[in-house]
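Using our numbering, read the sequence shown as starting at 892 and increasing by one per residue.
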Amino acid sequence: MSDKEFRQGVLKLQQLLGELNYVRYKCRYDIEFAVKKVARLVNYPHEQVFYMIYKIIQYLARHKNIGIHYDRDLDKDKKIIGITDASVGSEYDAQSRIGVIIRYERNIHNVYSNKSTNRCLFSTEAELHAIYEGYADSETLKATLTELGEGDNRNIVMITDSKPSIQSLNRSYQQPKEKFTWIKTEIIKEKIKEKVIKLLKITGKENIADLLTKPVSISDFERFIKVLKNQITSQDILVSTQRISVEVQ
């Protein structure tokens, strides 16, 4: 491949990924993981990369009726619910990937699958990083609701499938390998102590954020589609969780 062909290939990839990112941003969260993974290869105009983009476009053409369904929610005691997952070292450069779903009671507020900004050595660190990012996004939503006069006493419920991460928060002292992970862990501990966050445990099989960090089975993917259509609600998800005591010292 000549330099000219390489530059043309990169430009074509940028155009295609720009279009896919626009569609993804407009609430086609079912392609969130696929688009974000391919986007990391934008500077590698290999035929396999173009093939992956083609498969995403083909999927969109075959499933045009998928999107987010918003229900009118008259419940006054609405909760902000964050569901998180992480996959340690799953990127080609050994970085980790985190997935976060933010719901405002019945409806979805945000969904994203991002490469972790921290280099995590253990799955516990990656999961804690995902919990923190989900909490930070939830706080932003909470601040917006306060400005709109919805009150500043909204509960933030964080849901994870990582029991070791929850157990690590019970330790009086924890020093992860990365100082930024340690700082974020301490913030989570502080917010739990202040009762700003309620942390719940869910099984890996029931965790719908799993789809944002790794390939999943067809049945799990179809379940995520039901979540987007509000056929599976926040209450259905909360029923599958269990409260684990976190005694922050």
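By construction, the Cβ of each residue, glycine as well, lies at the ideal position given by its N, Cα and C atoms.
Small disclaimer: the values here were computed from a predicted structure and weren't measured.
Exercise for the section: Can you tell me which of Ile1022, Ser1131 and Asn1121 puts its alpha carbon nearest to the alpha carbon of Asp962? Expected result: Position 71 of the sequence shown, counting from 1, holds the residue named residue 962. Asp962 has its Cα closest to that of Asn1121, out of Ile1022, Ser1131 and Asn1121.
Problem - Status (buried if at least 16 other CB within 10 Å, exposed otherwise) for Asp1101 - result: To locate residue 1101, count along the sequence shown from 1; it is residue 210. It is buried - the Cβ of Asp1101 has at least 16 other Cβ atoms within 10 Å.
Problem - Residue span of the alpha helix (DSSP H) that contains His1020, given as start and end - result: Counting from 1 along the sequence shown, the entry for residue 1020 is found at position 129. From DSSP, the alpha helix (DSSP H) with His1020 extends over Ser1014 to Glu1038.
Exercise for the section: Determine the extent of the beta strand (DSSP E) in which Asp976 is found, giving its start and end residues. Expected result: Taking the first residue of the sequence shown as position 1, residue 976 is located at position 85. Ile971 to Ser978 is the span of the beta strand (DSSP E), which, as asked, contains Asp976.
Handout entry: Spatial neighbours of Asn912 in its chain, beta-carbon cut-off 8 Å, leaving aside the 5 residues before and after
Key = In the sequence shown, counting from the first residue as 1, residue 912 sits at position 21. So the qualifying residues of the chain are Val926 and Ala930.
Exercise for the section: For Ile1109, count neighbouring C-beta atoms within 10 Å of its own C-beta (all shown protein chains included) and say buried if the count is 16 or more, exposed if not. Expected result: By one-based count along the sequence shown, residue 1109 stands at place 218. Flag for Ile1109 reads exposed.
Practice task
Measure the alpha-carbon distance for Lys1082 versus Tyr1026 and round it to whole angstroms.
Solution key: Locating residue 1082 in the sequence shown gives position 191, where the first residue counts as 1. Locating residue 1026 in the sequence shown gives position 135, where the first residue counts as 1. Taking the straight line joining both Cα atoms gives about 9 Å.
Exercise for the section: Taking the CB atoms as reference points, tell me whether Ile1047 and Lys1089 lie closer together than 9 Å. Expected result: On the sequence shown, position 156 is the one that residue 1047 refers to. On the sequence shown, position 198 is the one that residue 1089 refers to. Against a cut-off of 9 Å, the Cβ pair of Lys1089 and Ile1047 comes out as a contact.
Handout entry: Cα-Cα separation, Thr1132 to Ile1099
Key = Walking along the sequence shown from the start, residue 1132 turns up at place 241. Walking along the sequence shown from the start, residue 1099 turns up at place 208. For Thr1132 and Ile1099, the distance between alpha carbons rounds to 12 Å.
Problem - Exposure of Met1049, with buried meaning 16 or more beta-carbon neighbours within 10 Å - result: Position 158 of the sequence shown holds residue 1049. The residue is buried, with at least 16 neighbouring Cβ atoms inside 10 Å.
Problem - Rounded Cβ spacing between Ile1057 and Lys1092 (contact assumed at less than 8 Å) - result: Looking up residue 1057 in the sequence shown gives position 166. Looking up residue 1092 in the sequence shown gives position 201. Right, the Cβ-Cβ distance comes to about 6 Å (below 8 Å), so this counts as a contact.
Problem - Local Cβ density within 10 Å of Lys969, reported as buried at 16 or more and exposed below that - result: Counting from one through the sequence shown, the residue named residue 969 turns up at place 78. By the neighbour-count rule (16 or more Cβ atoms within 10 Å), Lys969 is buried.
Exercise for the section: Give the DSSP-derived three-state secondary structure of Met892 in the structure shown. Expected result: Locating residue 892 in the sequence shown gives position 1, where the first residue counts as 1. Reduced to three states, the DSSP call for Met892 is coil.
Handout entry: Straight-line Cα distance separating Asp1028 from Ala977
Key = For the purposes of this step, residue 977 is identified with residue 86 of the sequence shown, where counting begins at 1. For the purposes of this step, residue 1028 is identified with residue 137 of the sequence shown, where counting begins at 1. C-alpha separation (whole angstroms): 16 Å.
Practice task
In angstroms with no decimal places, state the Cα-to-Cα distance between Ala1034 and Met892.
Solution key: Indexing the sequence shown from 1 puts residue 1034 at position 143. Indexing the sequence shown from 1 puts residue 892 at position 1. If I take the Cα positions, the gap works out to 51 Å.
Problem - Asp1052 burial status per 10 Å Cβ neighbour count (16 or more: buried) - result: One-based indexing of the sequence shown puts residue 1052 at position 161. The residue in question, Asp1052, is buried, as its Cβ has 16 or more Cβ neighbours within 10 Å.
Problem - Run of the beta strand (DSSP E) containing Tyr1003, from where it starts to where it stops - result: In the sequence shown, counting from the first residue as 1, residue 1003 sits at position 112. It spans Asn998 to Lys1006 - the beta strand (DSSP E) in which Tyr1003 sits, taken as one unbroken run.
Handout entry: With 16 other Cβ atoms within 10 Å as the buried cut-off, status of Glu1085
Key = Working through the sequence shown from its first residue, we reach residue 1085 at position 194. Result: exposed.
Exercise for the section: For Tyr935, I'd like the list of residues in its chain whose CB is within less than 6 Å of its CB, leaving aside the five on either flank, ordered along the chain. Expected result: For the purposes of this step, residue 935 is identified with residue 44 of the sequence shown, where counting begins at 1. Answer for Tyr935: no residue qualifies.
Exercise for the section: Work out the CA separation of Asn1009 and Asn998 for me, nearest whole Å. Expected result: As a working mapping, residue 998 is identified with position 107 in the sequence shown. As a working mapping, residue 1009 is identified with position 118 in the sequence shown. Taking the straight line joining both Cα atoms gives about 30 Å.
Handout entry: Reduced DSSP secondary structure (H/G/I, E/B, other) of Val929
Key = Here residue 929 refers to the residue found at position 38 when the sequence shown is read from its first residue. In the structure shown, Val929 sits in a helix (DSSP, three-state: H, G or I).
Practice task
Report the option in Phe924, Ile971 and Gly958 whose CA atom is closest to the CA atom of Glu1041.
Solution key: Numbered from its first residue, the sequence shown carries residue 1041 at position 150. Nearest C-alpha to Glu1041: Ile971.
Exercise for the section: With 9 Å as the threshold, decide whether the Cβ of Asn1001 is near any Cβ in chain B. Expected result: Given the protein chain composition of this structure (a single chain), no chain B is represented.
Exercise for the section: State buried or exposed for Glu1024, treating a residue as buried only when at least 16 other CB atoms are found within 10 Å of its CB. Expected result: Counting from 1 along the sequence shown, the entry for residue 1024 is found at position 133. Buried, by the Cβ-count rule.
Exercise for the section: Tell me whether the beta-carbon of Leu1103 lies closer than 9 Å to the beta-carbon of Phe941. Expected result: Start at 1 with the first residue of the sequence shown, and residue 1103 comes out as number 212. Start at 1 with the first residue of the sequence shown, and residue 941 comes out as number 50. No, the Cβ-Cβ distance between Leu1103 and Phe941 is not below 9 Å.
Exercise for the section: Please name the residue in Gly958, Val1107, Ile992 and His954 whose C-alpha comes closest to that of Cys918. Expected result: If you number the sequence shown from 1, residue 918 lands on position 27. Measuring from the Cα of Cys918, the nearest candidate turns out to be Gly958.
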